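**Student:** If you're matching them up, the sequences are chains A and B in order.
The opening position of the first sequence corresponds to residue 0 in numbering that gives the first Met the number 0, with each subsequent residue numbered one higher.
The opening position of the second sequence corresponds to residue 0 in numbering that gives the first Met the number 0, with each subsequent residue numbered one higher.
There are 2 protein chains.
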Amino acid sequence: MISQTPPRSTEEPRAPLRRSLALERLFVEKLYQQIGRPAIQIVLWDGTVIGDHASPIGRAVIHQPRVLRRLLVSPILSFGEAFAANELTIEGNLIDVLVEMNRGLTRVATPHFWPTFFSRQSSRHTFAASRRRVYHHYDIGNDFYKLWLDKQLVYTCAYYADPDATLEAAQTAKLDYVCTKLRLKPGEKVIEAGCGWGALALHMARHYGVSVRAFNLSREQLAYARIRAQEEGLSDRVEFIEDDYRNITGQCDVFVSVGMLEHVGPENYRTLGEVMGRVLTAEGRGLIHSIGRNMAKPLDPWTVKYIFPGAYAPSLREMMDLFEDEGFSILDVENLRLHYARTCTDWLARYETATSQVRDMFDDRFVRMWRLYLASSSATFVSGDLQLFQVVFARGTNNSLPMTRGDWY
Amino acid sequence: MISQTPPRSTEEPRAPLRRSLALERLFVEKLYQQIGRPAIQIVLWDGTVIGDHASPIGRAVIHQPRVLRRLLVSPILSFGEAFAANELTIEGNLIDVLVEMNRGLTRVATPHFWPTFFSRQSSRHTFAASRRRVYHHYDIGNDFYKLWLDKQLVYTCAYYADPDATLEAAQTAKLDYVCTKLRLKPGEKVIEAGCGWGALALHMARHYGVSVRAFNLSREQLAYARIRAQEEGLSDRVEFIEDDYRNITGQCDVFVSVGMLEHVGPENYRTLGEVMGRVLTAEGRGLIHSIGRNMAKPLDPWTVKYIFPGAYAPSLREMMDLFEDEGFSILDVENLRLHYARTCTDWLARYETATSQVRDMFDDRFVRMWRLYLASSSATFVSGDLQLFQVVFARGTNNSLPMTRGDWY
């Protein structure tokens, strides 16, 4: 089970390191057993191979003894940091290896096993903090996102109704699917909270004849969206507003938010619910699209620290805070988990063709960080650790909507 | 606003009663204002009419001064009791009048207004209590239910995909819709918890080639179901078992429960979840169909006292207790509220054609009680006070199901 092979390094050759200790090998062996002997091998810095699966799909190579010590203390965070630092490399298909590891971790990851992994992140969502976090992620450059998102720059789960759809087609299908679920009628007023680069707002105005007021905190995204609206002659029907969702005013027939809830924080769901209750008309309806969980649990600490500060994926139970106090009625919930797995896989494939440009914009460490982020996102959707919920709701007294969902298909 | 007209009694003439007092009239007038001046009139025993709506759709006639006093203390319970005793009658379409009253009550019914109305019913769901309650409602006689249910005796919300569907057609459509959502495959094993007169179990075996073990506590229902299975030659594929859901054992590909959760009690949802977790295979999936609420609130005290002892309609938040601990993933939620309104309306229409037979089986009071129960059920679905949730779930690691719901339509 423990054998010696030379480590295959993916980058420059390293100086030879000290031999692994019996205690270190024993710890990794024990860990490998505890996560259910997954179909991967773990290779230590001196070439020691741990893992006895008959047909391993890949290898995790630990190039530095210090990585192992850190993994002991906070496994997920240290895994991400070591991967970004190139002190830990993955051989084989990155997503597949991460799925295999994820499934193993899910088996052992109880609160008692790794308390740090499951400790609730303390994060306050003040107006200033929300703005800071948006800048951190979404304002790192439109040119960067253009390298690997679809042409419309839709940075949320696509809808692969056709399994052979390209990313472009699946994103357009998603925009239409959201509009269909909302049963948009020409002339209606829509408020969108968290509009990204404006793809949905522009799509709704262009194809469904509605007028849209779209809110966002990211200046880079808004600048891009406004130019697109102007170019398409939609500026009179789509207004892009730089403001927090908490400051939304006015009235609308339809409230929609795709991929913003992850940044709102569960302590603010009731506030967002109040906003929806305030702006929606008596016949109003809405759709919330968000990454979610089967049960309450924070996102992994590496993603929260390096990719999405303050982000949180709620359980359906937690999401109910949005609806209950305002007397909203849940009409429909759909879980699109495997669509998001596919979306992230498509993003990663495009990203991999553009890494030299990403390296020029940032550096090697950044290239690896975002590789891990996209691959691990796909992996967590595949392994069932994350969900994607689309929730359609209306006022509890609205009897004017069709009786069935048959018209959606 | 207060005028005098002779009360129109629907039954035998009554002895003249004392004139209403100024305080009584003032109270009713105040109440009428508080519930938003609905389109109904309230008529007191001496002919005093309260209500100034331009085109009232009906009248509530209070024939006895004591009814008014009781309404003050516990309005819903006393309304039901007075209706059953014929001390309060409704003129006009009963469902429409109840909807109008419901909408008004929803406006004022805060915990401060009528504490008794909203106090949580204390009800324990021991094995013996569950059995007793089932006897109370479901064992009052198959012949009674045959008078007004569809031919298959489906006593849950129908599915009116075709708005012109008869009750029979809509119930068959519902059975097929449940089977479609469950994606039944020939040869699969199904466990049904709370099978009523066996319509779904027999339908699944007959049309989808599965084998079913169906559990129920009602002896009358089971006796009927077993005869039907025998007559149709399905006894080898449908087993009807007299037992509590807590005693379900074995393994199944599919777990389904249509209209039982209302009798389980929220304190037992985790127990039911454990049962589902125990019996479902790794690729297993399930469907829970239940009356629900937009937010946690007990059923009205009249229904709980006279019709469904121990019944409770959960919010979606409360229903999550079924799924979270077992790592189930919610795939789909659909709200069929208006389908249940229509179902109850159809039931009531049939019931009204059979009241002389009901009177022969029971008595006048029983006739009125069930009239109010069916009408008020329809009304609460129309007014949005009750929901009907169908929840489809699977194990969180199940990646074998189709990516979309397109095949359901």
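Just so it is clear, CB atoms sit at the ideal spot from N, CA and C, and this is done for glycine as well.
All of these numbers come straight from a predicted model, not from anything done at the bench.
(1) Using 10 angstroms around the beta-carbon of TYR437/B, count the other beta-carbons present and answer buried if the total reaches 16, otherwise exposed.
(2) What's the C-alpha gap between GLN170/A and GLY195/A?
(3) For THR248/A, does the three-state DSSP call read helix, strand or coil?
(4) Kindly confirm or deny that the stretch 327–341 of chain A and the stretch 333–343 of chain B touch, where touching means at least three C-beta pairs closer than 8 Å.
(5) Which partner residues does LEU286/B have in the DSSP bridge list?
(6) Would you tell me roughly how many angstroms separate the C-alpha atoms of GLY309/A and GLY140/B, rounded to the nearest one?
(7) Just mark GLY214/A as buried or exposed, buried being the case when its beta carbon has 16 or more other beta carbons within 10 Å.
(8) Could you give the first and the last residue of the continuous alpha helix (DSSP H) run that contains PHE26/B?
(9) Please name the residues in the stretch 252–278 of chain B whose beta-carbon is closer than 9 Å to at least one beta-carbon of chain A, in chain order.
(10) Just to make sure I have the definition right: I need the residues of chain B whose C-beta is within less than 7 Å of the C-beta of GLN386/A. Which are they?
(11) Nearest CA to the CA of VAL153/A: which residue from ALA164/A, ARG18/A and HIS202/A?
(12) Ignore the nearest five residues each way along the sequence and tell me which others in GLY405/A's own chain have a CB closer than 8 Å to its CB.
(13) Between which residues of its own chain and PHE82/A is the CB-CB distance below 7 Å, once the five residues before and five after are set aside?
(14) Who pairs with ILE61/B in a beta bridge, going by DSSP?
(15) If I follow the unbroken beta strand (DSSP E) through PRO404/A, where does it start and stop?
(16) DSSP three-state call for PRO110/A: helix, strand or coil?
(17) Starting from ASP331/A, find everything on chain B with Cβ-Cβ shorter than 9 Å and list it in chain order.
(18) Per DSSP, which one or two residues make a beta bridge with GLY103/B?
(19) Between ARG205/B, ILE190/B and PHE380/B, which lies nearest to ASN293/B when the distance is taken from Cα to Cα?
(20) What does PRO162/B touch in chain A if you count any residue whose Cβ is under 9 Å from its own?
(21) Only counting the same chain, and skipping five residues up and downstream in sequence, which positions put a Cβ closer than 7 Å to that of TYR31/B?
(22) What is the DSSP secondary structure of ALA281/A, counted as helix, strand or coil?
(23) Is the stretch 75–91 of chain B in contact with the stretch 307–323 of chain B, if contact means three or more CB pairs nearer than 8 Å?
(24) What residue range does the alpha helix (DSSP H) around LEU335/B cover?
(25) Quick one: residues in its chain with C-beta nearer than 8 Å to the C-beta of VAL298/A, no 5 flanking neighbours on either side, listed in chain order?
(26) Does DSSP classify PHE214/B as helix, strand or coil?
(27) Bridge partners of SER355/A, per DSSP?
(28) Looking only at its own chain, which residues have a Cβ that is under 6 Å from the Cβ of ARG349/A, when we skip the five neighbours before and after it?
(29) Closest to HIS62/B by CA distance: which of VAL303/B, THR47/B, ALA53/B and ILE75/B is it?
(30) Quick one: measure Cβ to Cβ for SER217/A and ARG236/A, integer angstroms, because I've assumed they're closer than 8 Å.
(31) Are at least three pairs of beta-carbons, each pair with one atom in the stretch 254–269 of chain A and one in the stretch 185–195 of chain A, less than 8 Å apart?
(32) What do you get for HIS288/B, buried or exposed, if any count of 16 or more other CB atoms within 10 angstroms of its CB means buried?
(33) Return the CA-CA distance between TRP301/A and LEU76/A, expressed in angstroms with no decimal places.
(34) In chain B, which residues lie less than 8 Å from VAL381/A when you measure between Cβ atoms?
**Tutor:** Taking the geometry as given:
(1) What is shown of chain B runs 0 to 408, which leaves residue 437/B out entirely.
(2) 14 Å
(3) coil
(4) yes
(5) VAL255/B and VAL391/B
(6) 59 Å
(7) Note that residue 214/A is Phe in the sequence shown, not Gly. It is buried - the Cβ of PHE214/A has at least 16 other Cβ atoms within 10 Å.
(8) 21–33
(9) none
(10) SER328
(11) HIS202/A
(12) none
(13) ARG367 and LEU371
(14) LEU87/B
(15) As written in the sequence, residue 404/A is Arg, which differs from the Pro given in the question. Unbroken run through ARG404/A: none, as it is neither H nor E.
(16) Per-residue confidence for PRO110/A stands at a pLDDT of 37, beneath the threshold of 50, marking its modelled position as unreliable; the derived number appears in the next sentence. Here PRO110/A sits in coil by DSSP.
(17) ASP331, VAL332, GLU333 and ASN334
(18) According to DSSP, which records beta bridges pairwise, GLY103/B is partnered with nothing at all.
(19) PHE380/B
(20) MET402
(21) ILE41, ILE49 and GLY50
(22) strand
(23) no
(24) No alpha helix (DSSP H) contains LEU335/B, which DSSP labels as neither H nor E.
(25) This sequence places Leu at residue 298/A; Val is not what is there. Excluding residues within five positions, the ones whose Cβ falls inside 8 Å are GLN120, PHE307, ALA310, TYR311 and ALA312.
(26) strand
(27) DSSP, once it has assigned bridges, lists no residue as partnering SER355/A.
(28) TRP147
(29) THR47/B
(30) With 8 Å as the limit, SER217/A and ARG236/A do not qualify as a contact, their Cβ atoms being about 21 Å apart.
(31) yes
(32) buried
(33) 4 Å
(34) ASN398
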